[in-house]
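Enquirer: Residue numbers (our numbering): 304 to 680. Note that CB positions come from ideal geometry on N, CA and C, so glycine has one too. Bear in mind the structure is a predicted one, so any value in this text is a computation, not a measurement.
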Amino acid sequence: MLVAIVAAIGGIVSTPSAGWTVTVPAVAAVFGLVAPGERWRGHRQTGVSACVAAAVSLLCTALHRGPVTGLAGIWVLVEPVGLAALVSTAVRYARVRMAIGAGALGVLALGTQPLRMLQGASATWTEYVFFLGCWTLAGLAAVTIGLASRLAARRRSQARAEIRHRERLALAGDLHDLVAHDVTGIVLEAQATRAEANPAQAPEALDRIEQAGLQALAAMDRTVAILRSGAAEPGTRLYGVADLAELTDRFTATGRIPVHLDITPDLADRVSREAADAAYRLVAEALTNVRRHASHATEVSVTLTTEATTLRLRIADTGSRPPASRPPRLPRSPGHGGAGLLGLAARFETLGGTLNAGPDRTGWLVQATLPLAEAAT
Numbered sequence: 304m305l306v307a308i309v310a311a312i313g314g315i316v317s318t319p320s321a322g323w324t325v326t327v328p329a330v331a332a333v334f335g336l337v338a339p340g341e342r343w344r345g346h347r348q349t350g351v352s353a354c355v356a357a358a359v360s361l362l363c364t365a366l367h368r369g370p371v372t373g374l375a376g377i378w379v380l381v382e383p384v385g386l387a388a389l390v391s392t393a394v395r396y397a398r399v400r401m402a403i404g405a406g407a408l409g410v411l412a413l414g415t416q417p418l419r420m421l422q423g424a425s426a427t428w429t430e431y432v433f434f435l436g437c438w439t440l441a442g443l444a445a446v447t448i449g450l451a452s453r454l455a456a457r458r459r460s461q462a463r464a465e466i467r468h469r470e471r472l473a474l475a476g477d478l479h480d481l482v483a484h485d486v487t488g489i490v491l492e493a494q495a496t497r498a499e500a501n502p503a504q505a506p507e508a509l510d511r512i513e514q515a516g517l518q519a520l521a522a523m524d525r526t527v528a529i530l531r532s533g534a535a536e537p538g539t540r541l542y543g544v545a546d547l548a549e550l551t552d553r554f555t556a557t558g559r560i561p562v563h564l565d566i567t568p569d570l571a572d573r574v575s576r577e578a579a580d581a582a583y584r585l586v587a588e589a590l591t592n593v594r595r596h597a598s599h600a601t602e603v604s605v606t607l608t609t610e611a612t613t614l615r616l617r618i619a620d621t622g623s624r625p626p627a628s629r630p631p632r633l634p635r636s637p638g639h640g641g642a643g644l645l646g647l648a649a650r651f652e653t654l655g656g657t658l659n660a661g662p663d664r665t666g667w668l669v670q671a672t673l674p675l676a677e678a679a680t
């Protein structure tokens, strides 16, 4: 604002000697650029000031008479600098139509501005071509800089939107991986309790159902809160090897199938964060599938071992021979199911590992490999 005030005062003082057709467009360009301050330049209304300043410059060029002498030479140099900066800013921030208008008017005003400087100076046609061409190139350069900044900002915005979209999809997958086995356990526990019809076991079963329900609701609340806030950014929680004990204990506590966890000592220090998170999600998905498809299994074993530079995961259940009195299986919606392991297989391949799942002689077997941290570096 101070610069605009100084420019306005200087223009008024020097107008008698320099001529208003020289000082007015220069003051208009400087005033349009700096007077509104950062708030104006950061918003789309900047295009209005650029169009006004360019229109004033064109009008003064059309009405100018006589050579430029004395203080007028200073304003002739101030005007193109201020107008070029204003046009570049308008192209960067204004709405599309306003940016196009400001760019076109700005290039035209800058390209014709030397006519005031050359009028009455006995200039040759080559001088006209040279100065008009240079000033036109300056206007095009200002438009190019503004357009490049606009496109770069748009690419950054699109990249952020794409990242948020991917993270929202990942959170939706987490809601399946980390909550589905709790919800599945609730349904199967209720089905098993009803099938057994044993009143003595009802309080214990209700406690397990309540705990699983509370954990599932808490996880869903956290996920939905992130999705609603739009704060899904890279850096959402990564699970590690140390979290597997809590996961398997929770699975055992909220169901009827014990899980035996066997982890090589000091494994957490040798596995990258991404690999540990993938291993955790694979175990969660496998346990969910056990509850869905092998609720009659007597036990599940989860083993994590190392071999040279490779982490090996093995998740096996004993659900190949269902007893006659097994509880009813959890119903599945048509067209759903099976996508969890497919998505995890793609993640394991991206991390340089493998994932295979299929029937085994005792039940269902999931095997996977991941490179250790020292092998991945």
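Could you have a look at Ala620 and say whether DSSP puts it in helix, strand or coil?
Expert: Start at 1 with the first residue of the sequence shown, and residue 620 comes out as number 317. Note on identity: in this sequence residue 620 is Asp, with Ala being the wrong assignment. Residue state, collapsed to three classes: strand.
Enquirer: Can you tell me which residues form a DSSP beta bridge with Pro561?
Expert: As a working mapping, residue 561 is identified with position 258 in the sequence shown. Looking at the DSSP assignment, Pro561 forms no beta bridge with any residue, so it has no partner.
Enquirer: Measuring only the C-alpha atoms, how far is Arg368 from Thr439?
Expert: As a position in the sequence shown, residue 368 is number 65, starting the count at 1. As a position in the sequence shown, residue 439 is number 136, starting the count at 1. Going by the C-alpha atoms only, they are around 22 Å apart.
Enquirer: Going by the DSSP bridge assignment, what does Thr672 pair with across the sheet?
Expert: The residue given as residue 672 occupies position 369 in the sequence shown. Paired residues: Arg615, Thr657.
Enquirer: What does the alpha-carbon distance come out to for the pair Ala649 and Gln670?
Expert: Taking the sequence shown and counting its residues from 1, the one referred to as residue 649 is at position 346. Taking the sequence shown and counting its residues from 1, the one referred to as residue 670 is at position 367. Answer to the nearest angstrom: the Cα atoms are 14 Å apart.
Enquirer: If I'm right that Cys363 touches Pro417 with Cβ under 8 Å, what's the distance once you round it to whole angstroms?
Expert: On the sequence shown, residue 363 is found 60 positions in, with the first residue counted as 1. On the sequence shown, residue 417 is found 114 positions in, with the first residue counted as 1. Not a contact, Cβ separation roughly 13 Å.
Enquirer: Which residue marks the beginning of the alpha helix (DSSP H) containing Glu588, and which one marks its end?
Expert: Sequence index remark: in the sequence shown, residue 588 carries index 285 (1-based). Looking at the DSSP string, the run of the alpha helix (DSSP H) that includes Glu588 is 576-596.
Enquirer: So, for Thr551: in the same chain, excluding its five sequence neighbours on each side, which residues have a beta-carbon less than 7 Å away from its beta-carbon?
Expert: Working through the sequence shown from its first residue, we reach residue 551 at position 248. So the qualifying residues of the chain are Val562, Leu564, Val605.
Enquirer: Taking Leu607 and Thr567 to be in contact with their CB atoms under 8 Å, please state how far apart those CB atoms are, rounded to whole angstroms.
Expert: By one-based count along the sequence shown, residue 607 stands at place 304. By one-based count along the sequence shown, residue 567 stands at place 264. Confirmed, about 6 Å.
Enquirer: First and last residue of the beta strand (DSSP E) that includes Thr609?
Expert: Sequence index remark: in the sequence shown, residue 609 carries index 306 (1-based). Taken as a continuous stretch (DSSP letters only), the beta strand (DSSP E) holding Thr609 covers 603-610.
Enquirer: Using 8 Å as the Cβ pair cut-off and three pairs as the minimum, do the segment 425-436 and the segment 393-402 touch?
Expert: No, the segment 425-436 does not touch the segment 393-402.
Enquirer: Using the C-alpha atoms, what's the distance from Ala587 back to Gly640?
Expert: Position 337 of the sequence shown holds residue 640. Position 284 of the sequence shown holds residue 587. Bear in mind that the predicted position of Gly640 carries a pLDDT of just 43, short of 50, making it too unreliable to give a figure here.
Enquirer: Does Pro568 come out as helix, strand or coil in the three-state DSSP assignment?
Expert: Numbered from 1 along the sequence shown, position 265 holds the residue referred to as residue 568. Reduced to three states, the DSSP call for Pro568 is coil.
Enquirer: Which residue spans inside the segment 411-463 form an unbroken alpha helix (DSSP H) run of at least 4?
Expert: 417-421, all fully within the segment 411-463.
Enquirer: Let's test the definition: count the other Cβ atoms within 10 Å of the Cβ of Leu454 and tell me whether it reaches 16, buried, or not, exposed.
Expert: Here residue 454 is taken as the residue at index 151 of the sequence shown, counted from 1. Exposed.
Enquirer: With a threshold of 16 other CB atoms inside 10 Å of the CB of Glu382, please say whether the residue is buried or exposed.
Expert: Indexing the sequence shown from 1 puts residue 382 at position 79. So Glu382 counts as buried.
Enquirer: So, for Ala660: in the same chain, excluding its five sequence neighbours on each side, which residues have a beta-carbon less than 6 Å away from its beta-carbon?
Expert: In the sequence shown, the residue the question calls residue 660 occupies position 357. Answer for Ala660: Leu644, Val669, listed in chain order.
Enquirer: May I ask which residues mark the beginning and end of the alpha helix (DSSP H) holding Arg553?
Expert: For this step, residue 553 is matched to residue 250 along the sequence shown. 547-556 is the extent of the alpha helix (DSSP H) around Arg553.
Enquirer: Give me the Cβ distance between Ala619 and Thr665, rounded to the nearest whole Å; I'm assuming they're in contact under 8 Å.
Expert: Translated into positions along the sequence shown, residue 619 becomes position 316. Translated into positions along the sequence shown, residue 665 becomes position 362. About 7 Å separates the two Cβ atoms, so the contact holds.
Enquirer: Using the C-alpha atoms, what's the distance from Leu413 back to Val379?
Expert: What you label residue 379 is simply residue 76 of the sequence shown in a count that begins at 1. What you label residue 413 is simply residue 110 of the sequence shown in a count that begins at 1. Roughly 11 Å separates the two Cα atoms.
Enquirer: Quick one: measure Cβ to Cβ for Thr609 and Arg559, integer angstroms, because I've assumed they're closer than 8 Å.
Expert: Residue mapping note: residue 609 aligns to position 306 of the sequence shown, counting from 1. Residue mapping note: residue 559 aligns to position 256 of the sequence shown, counting from 1. The Cβ separation is near 32 Å, so there is no contact.
Enquirer: Mind checking who Trp667 pairs with in its DSSP beta bridge?
Expert: Residue mapping note: residue 667 aligns to position 364 of the sequence shown, counting from 1. Beta-bridge pairing links Trp667 to Pro662.
Enquirer: Evaluate Asp580 with the Cβ neighbour count: other Cβ atoms within 10 Å of its Cβ, from every protein chain shown; 16 or more gives buried, anything less gives exposed.
Expert: Residue 580 sits at position 277 when you count from the first residue of the sequence shown. By the 10 Å Cβ count, Asp580 comes out buried.
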